[in-house]
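First to last, the protein sequences are chains G and F.
For the first sequence, my numbering assigns the number 1 to the initial residue and increments by one for each residue that follows.
For the second sequence, my numbering assigns the number 1001 to the initial residue and increments by one for each residue that follows.
Ideal Cβ positions, reconstructed from N, Cα and C, are used throughout, including at glycine.
First up is the structure itself, then whatever we jot down about it.
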Amino acid sequence: GAGVSQSPRYKVAKRGQDVALRCDPISGHVSLFWYQQALGQGPEFLTYFQNEAQLDKSGLPSDRFFAERPEGSVSTLKIQRTQQEDSAVYLCASSPFPGQGSSGANVLTFGAGSRLTVL
Amino acid sequence: KQEVTQIPAALSVPEGENLVLNCSFTDSAIYNLQWFRQDPGKGLTSLLLIQSSQREQTSGRLNASLDKSSGRSTLYIAASQPGDSATYLCAVGPPRLRNAGNMLTFGGGTRLMVKP
């Protein structure tokens, strides 16, 4: 597609529910990133994929968070047993380069995000 | 752990004014520094990217500078317009070699309002 597409755009969940957030990166993009942005704050890194390999998940806040990209394209971020502190916008971004490109100039394209509200 | 701070948190200026947004980071060992723009309900748009070996980048009315040794960057916006109203985010990339150039640490952003 022309850009990074995320769905759903808005999700309201009751505390304890499981949610799944989807990211469709730009076709052919090798790298895919998930970030979490709390209200009024900057995004925080969650996890990074190069093709289907999850190379870094150091930013995932707890073992309730799980991300996958099984075929190296679409990615899903799953949050189990949601808590109120999980309320945030979840941003997905993709890049055509495997991390540090040959020119060193990485251009990330961000999706519009999925806004999760946990009641 | 890298920490990125942006000052001011919010700024309101009349149209036509030149302005400077500030960004500071605690660890000078960075791969690059990027400035993004975020409009309400939308994703981030990359404005300028400065490699660690560079001192500044320019795009139209925007100029970003980088002083690694002091851990500072500034975004200069010339002749501001109401359409520039948005949140501006500064982000630094770590120096690790293994595919980490885009694992960014963001500042909290500066919310800019340009009044007609």
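With contacts defined by Cβ atoms closer than 8 Å, residue 1038 of chain F and residue 1048 of chain F do not form a contacting pair. Excluding five sequence positions before and after residue 1041 of chain F, none of the CB atoms of its chain fall closer than 7 Å to its own CB.
The bridge partners DSSP lists for residue 19 of chain G are G:79. Between residue 1082 of chain F and residue 1015 of chain F the beta-carbon gap is near 6 Å, inside 8 Å, which marks them as a contact.
Neighbours of residue 49 of chain G in chain F, taken as residues at a C-beta separation under 7 Å, are lacking, since the least C-beta distance is about 10 Å. Under the Cβ distance rule, residue 1001 of chain F does not count among the residues neighbouring chain G, no pair being separated by less than 8 Å. Note: residue 1092 of chain F is bridge-paired with F:1033, F:1105 in the DSSP secondary-structure output. Under the Cβ criterion of 8 Å, residue 41 of chain G is counted among the residues facing chain F.
Note on geometry: alpha-carbon atoms of residue 64 of chain G and residue 1080 of chain F lie some 44 Å from one another. Residue-level contact check: residue 18 of chain G does not touch chain F, since none of the beta carbons of chain F fall below 8 Å from its beta carbon.
Judged by beta-carbon spacing, residue 108 of chain G lies beyond the 8 Å limit of residue 90 of chain G, meaning their Cβ atoms are not closer than that value. One alpha carbon belongs to residue 1068 of chain F, the other to residue 1031 of chain F, and they sit about 10 Å apart.
Here residue 10 of chain G is exposed: its Cβ has fewer than 16 other Cβ atoms, across all protein chains shown, within 10 Å. CA-to-CA, the gap between residue 74 of chain G and residue 1070 of chain F works out to about 40 Å. A straight line joining the alpha-carbon of residue 49 of chain G with that of residue 1029 of chain F spans about 23 Å.
Beta bridge pairing from DSSP links residue 1072 of chain F with F:1024, F:1067.
Taking CB atoms only, residue 72 of chain G has no neighbour in chain F less than 8 Å away.
Between residue 25 of chain G and residue 36 of chain G, the gap from beta carbon to beta carbon reaches 8 Å or more. As a beta-bridge residue in DSSP terms, residue 95 of chain G pairs with G:31. Chain order gives the chain F residues near residue 111 of chain G as 1043, where near means a beta carbon separation below 7 Å. Taking all protein chains shown into account, residue 95 of chain G has 16 or more neighbouring C-beta atoms within 10 Å of its C-beta and is therefore buried. Against chain G, the CB of residue 1046 of chain F has a partner CB under 8 Å away; the residue lies at that interface. With the criterion set as a beta carbon lying under 9 Å from some beta carbon of chain F, the members of the region 18-36 of chain G are 31, 33, 35, in sequence order.
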